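This report refers to the structure that appears directly beneath it.
Residue numbers (the working numbering), protein chains in the order written: chain A, 2 to 141; chain B, 28 to 143.
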């Protein structure tokens with residue numbers, strides 16, 4: 002299993018922000034070092050000697066959920082979350098089924114997970130939603 | 028000589044005479060303008076010091092440089108850069124750069140709509 006590093010995530014953010022961020026983009030500007038490190042290490046967490054997120058969709062979901070919860074960058078966290086799903090899958094030779102994970106679904110899931118606190122949705126429910134979507138979408 | 032020949036000769040004279048006159052006028056004008064221009068050229072050359080000439084040269088150089096800048100940053104060039112998407116050069120891991128490029132090609136509207 003290969004994981005995204007902090008450098009990979011910062012480079013991804015820099016590329017996305019300079020492409021889509023507009024005039025008020027802050028490419029590669031980290032606002033929360035703790036949040037970024039926590040999100041990057043989340044898929045590798047173990048509890049009592051066992052992996053907390055054993056399957057690959059679990060790991061991707063954990064990373065994306067942590068990224069959207071901590072919002073480590075000043076802007077462009079949602080775009081980064083979407084891009085990192087692709088990058089994580091590509092690193093581990095997995096693909097996303099475009100029928101399941103189409104453009105609307107991807108946008109909707111990321112939007113809902115990112116704003117689950119504001120909408121009063123429990124974090125468990127938000128995590129379950131993205132995990133179920135990715136379980137259906139990720140093809141080995 | 029026939030009647031038609033006379034008419035032709037007249038018309039030929041009429042054509043030739045204005046040309047001559049115009050040439051003469053043009054020569055006169057050119058001589059006058061040359062004299063004026065020589066005067067005009069000579070008078071500023073005498074009055075303008077060497078420093079101002081250097082400044083003019085520098086200005087022309089600056090204009091040249093300024094003229095070359097818009098070529099690189101022109102709108103079509105920017106559009107070409109944008110259409111190609113982010114390069115994989117900015118990534119230490121080229122796999123991630125390729126993944127991002129494919130993601131943007133697949134979901135361009137999602138990337139555009141997702142704003143913080």
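Note that CB positions come from ideal geometry on N, CA and C, so glycine has one too.
Predicted model only: the values in this text are computed from it and were never measured.
Nonlocal neighbours in the same chain, by C-beta distance under 6 Å from residue i, ignoring five residues either side
i	result
residue 123 (chain B)	none
residue 118 (chain B)	124
residue 96 (chain A)	140
residue 137 (chain A)	101
Cut-off 8 Å between Cβ atoms - residues of its own chain near residue i, not counting five sequence neighbours on either side
i	result
residue 85 (chain A)	5, 10, 13, 64, 65, 68
residue 46 (chain A)	52, 53, 54, 63
residue 25 (chain A)	76
Spatially closest choice to residue i from the options, by CA coordinates
i	options	result
residue 77 (chain A)	A:52, A:96, A:29, A:117	A:29
residue 1 (chain A)	A:57, A:116, A:17	Residue 1 (chain A) lies beyond the stretch modelled for chain A, which goes from 2 to 141, so this question has no answer here.
residue 43 (chain A)	A:95, A:118, A:7	A:7
residue 72 (chain A)	A:21, A:39, A:61, A:127	A:39
residue 131 (chain A)	A:23, A:48, A:60, A:50	A:60
residue 105 (chain A)	B:140, B:126, B:132, B:128	B:140
Residue i to residue j span [Cα, whole Å]
i	j	result
residue 18 (chain A)	residue 100 (chain A)	27 Å
residue 125 (chain A)	residue 109 (chain A)	17 Å
residue 2 (chain A)	residue 41 (chain A)	14 Å
residue 134 (chain B)	residue 16 (chain A)	15 Å
residue 34 (chain A)	residue 102 (chain A)	30 Å
residue 176 (chain A)	residue 114 (chain A)	One cannot answer for residue 176 (chain A) here, as it falls past the ends of chain A, which runs 2 to 141.
residue 36 (chain A)	residue 70 (chain A)	9 Å
residue 123 (chain A)	residue 133 (chain A)	16 Å
residue 135 (chain A)	residue 121 (chain B)	24 Å
Contacts around residue i, its chain only, beta-carbon distance under 7 Å, and the 5 residues preceding and following it disregarded
i	result
residue 75 (chain A)	27, 30, 32
residue 83 (chain A)	107, 111
residue 80 (chain A)	17, 21
Closer than 7 Å: residue i CB and nearest the ligand FAD heavy atom
i	result
residue 119 (chain A)	The ligand content of the structure shown is nil, which means the ligand FAD is not present either.
- Query: Going along the segment 103-114 of chain A in order, which residues come within less than 9 Å of chain B, judged by CB to CB distance?
  - Reply: Listed in chain order, the positions of the segment 103-114 of chain A with a beta carbon within less than 9 Å of a beta carbon of chain B are 103, 104, 105, 107, 108, 111, 112.
- Contiguous alpha helix (DSSP H) assignments of at least 4 residues, all confined to the segment 5-54 of chain A: For the alpha helix (DSSP H) assignment, the uninterrupted runs of no fewer than 4 residues enclosed by the segment 5-54 of chain A are, from N- to C-terminal side, 7-21, 34-42.
- Query: For the segment 91-119 of chain A, which segments carrying the alpha helix (DSSP H) assignment without a break, of at least 4 residues, lie completely within its bounds, in sequence order?
  - Reply: List check, alpha helix (DSSP H) in window: 104-115.
- Message: At a CB distance below 8 Å, what residues from the segment 7-23 of chain A approach chain B? Give them in sequence order.
- Response: Of all residues in the segment 7-23 of chain A, 8, 9, 12, 13, 15, 16, 17, 19, 20, 21 have a Cβ within less than 8 Å of some Cβ in chain B.
- Task: Would you list, in chain order, the members of the segment 54-83 of chain A that have their beta-carbon closer than 7 Å to a beta-carbon of chain B?
- Result: Residues passing the 7 Å Cβ filter: 76, 77, 78, 79, 80, 83.
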